[in-house]
Each structure stands twice: as C-alpha cells, then as structure tokens.
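Trainee: One structure follows; several queries about it will come next.
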Amino acid sequence: GKEDQALSAIPETERADVIRRLMLDARAEPLRRRVIALLIEAWIDSRDSEPSPSLGQVERLLWLNQISEAIGVASLLIKQSPDSAEAIQGVAELLGSSRDPEARKQAIVWWDQLAAGSTAGSDLWHKAKLSAIRLLAVTGQNDQARQRAQYILLTKPDLQLDLRRRYQAVSN
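Read in order, the letters of the sequence shown are residues 22 to 193 in this note's numbering.
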C-alpha cells in the first residue's frame, strides 16, 4: 500500500532512524503496536533476505503475539551475541514484560541462566535473581518465589539493607 511505497522511498542511510522512531511511537502508544510491528516487519522482510536477530525484532514479534517465533529469535540473538549476558538480560526483560505465560516461563529460564553465569552477589546476579523471583510470583508460583527469596536471605546474611528488603518483600 501507500505505507510500503513511502517506506521504500526512505534512503537506506535513514532506515535505522525511521525504524527506531516507529518503535518509540509504538512503545508510547500500545494500541498502535500491532500495526507498526506489521509495517516494520513487512518492510524489513522486503529488503533483507535474512535479517539478523535483534531485540527490536523480538519486541515486534511479542507485539504480534508470535511468542514461539519471538523466543526463537531471542535464542538466536543470544547465540550470536558477543556479549551474551547483555543479550540474555535484554530478551529476559522483553519476554518477562509480556503477558504470555510461555514468554514469562522462558524469561525465568534466561534470568536463571544469567544469574548462574554471573558472580554470586554482584549487581547483575541480584537483578537476575530478583527478576526471576518477581516473575515466579506474577505467574502464580508464589511458593517457589518465596523459597528462592528465603534461600538467598539465609545464604547471604550480609545483604545490603535495600536488597534484603526486596527479598523479604517476596519471602513473607
């Protein structure tokens, strides 16, 4: 349609800026996410035979409710990323923010993987642990969330006060 022709007229050098702007618009206006995601995906598909996986693509697939495809692209992104910790964190945040149970379940797996690969007690380790615990609670797995929080409180008696409070909030 007209949108495809308009997008095709955008010079290659400005393409990333246009996609970034459209993504910002979609994040700000959830009701437009599906239309914007379809538009960007069609535009990318028409120009790239094999687009490289990106967080933006994962996010758009989530907006389109294509959960298994989003998880597949996220897995590929992690495998291909030179900084897999950053990639894992990015996809875990995206999938965890979804309302889809399968996406949230996979986010928990990746948060656990990130924690396992991080130095115990580091900021990243706590972020991963707390994120997994939060998702367990949100998905109704309150006992498991509570057990994880209590385990950390027992095994890390020297936690900073703010971290201790965050774990305690889940453990009660």
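Even glycine gets a Cβ: it sits at the ideal position worked out from N, Cα and C.
Comparing C-alpha positions only, which one of K100, R169 and D164 sits nearest to S152?
Mentor: S152 has its Cα closest to that of R169, out of K100, R169 and D164.
Trainee: A95 and L145 - do their beta-carbons sit closer together than 8 Å?
Mentor: No, they are not a contact pair.
Trainee: Throw me the rounded Cβ distance for the A91 and A124 pair, which I believe falls under 8 Å.
Mentor: With a Cβ gap of about 7 Å, A91 and A124 count as contacting.
Trainee: Output the distance between the C-alpha atoms of I88 and L82, rounded to the nearest integer angstrom.
Mentor: When rounded, the distance between both Cα atoms is 7 Å.
Trainee: Spatial neighbours of S119 within its chain, please: CB distance less than 6 Å, with the 5 preceding and 5 following residues excluded, ordered by chain position.
Mentor: L83, listed in sequence order.
Trainee: How is the alpha helix (DSSP H) around S89 delimited, first residue to last?
Mentor: Per DSSP, S89 belongs to the alpha helix (DSSP H) from I88 to Q101.
Trainee: Looking at the structure shown, is Q162 part of a helix, part of a strand, or coil, going by DSSP?
Mentor: Coil, per DSSP.
Trainee: Rounded to the nearest angstrom, how far is the Cβ of L174 from that of R185, given a contact under 8 Å?
Mentor: With a Cβ gap of about 7 Å, L174 and R185 count as contacting.
Trainee: Let me know if I31 comes out buried or exposed under the rule of 16 or more other beta-carbons within 10 Å of its beta-carbon.
Mentor: Exposed, by the Cβ-count rule.
Trainee: On a Cα-Cα basis, can you pick out the residue from P103, P122, A128 and D104 that is closest to L115?
Mentor: The option with the nearest alpha carbon to L115 is A128.
Trainee: With S192 and R167 assumed to form a contact (beta carbons below 8 Å), what rounded beta-carbon distance in angstroms separates them?
Mentor: About 5 Å separates the two Cβ atoms, so the contact holds.
Trainee: So, using beta-carbon positions, are L97 and V112 closer together than 8 Å?
Mentor: No, they are not a contact pair.
Trainee: Below 6 Å CB to CB, which residues in the same chain sit around S139 once its five sequence neighbours on both sides are set aside?
Mentor: Closer than 6 Å at the Cβ level, and outside the excluded window around S139, lie L145 and W146.
Trainee: Classify Y172 as buried or exposed, calling it buried when 16 or more other Cβ atoms lie within 10 Å of its own Cβ.
Mentor: Under this definition Y172 is an exposed residue.
Trainee: Which class does D66 belong to by DSSP, given the choice of helix, strand or coil?
Mentor: Looking at D66 - three-state DSSP - the assignment turns out to be helix.
Trainee: For T140, which three-state DSSP category applies?
Mentor: In the structure shown, T140 sits in coil (DSSP, three-state: anything other than H, G, I, E or B).
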